[in-house]
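For the sequence shown, this note's numbering assigns the number 5 to the initial residue and increments by one for each residue that follows. Every residue gets a Cβ at the ideal spot worked out from N, C-alpha and C, and that includes glycine. Read the structure below first, then the notes.
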Amino acid sequence: MNGASWRAHDLWRAYAARDRASVAEHLAHLEDDQLEFARGVTANFYNDTLP
């Protein structure tokens, strides 16, 4: 899952930069299990940024 973790981070960076093309590209290249992992990582990032 190390690769999925890096992909999730790349997806998050693209999202934070509001780069829609990169977000779509990252999502298109994720397999189902990687997409699920990326969803969890993104949720954790979001929860960690709440005050």
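| Query | Result |
| --- | --- |
| Can you give, in chain order, each stretch of the alpha helix (DSSP H) that sits fully within the region 15-46 and has at least 4 residues? | 24-32 |
| Can you grab the Cα-Cα spacing for the pair Arg24 / Ala18, in whole Å? | 7 Å |
| Can the beta-carbon of Ala12 be found closer than 8 Å to that of Ala42? | yes |
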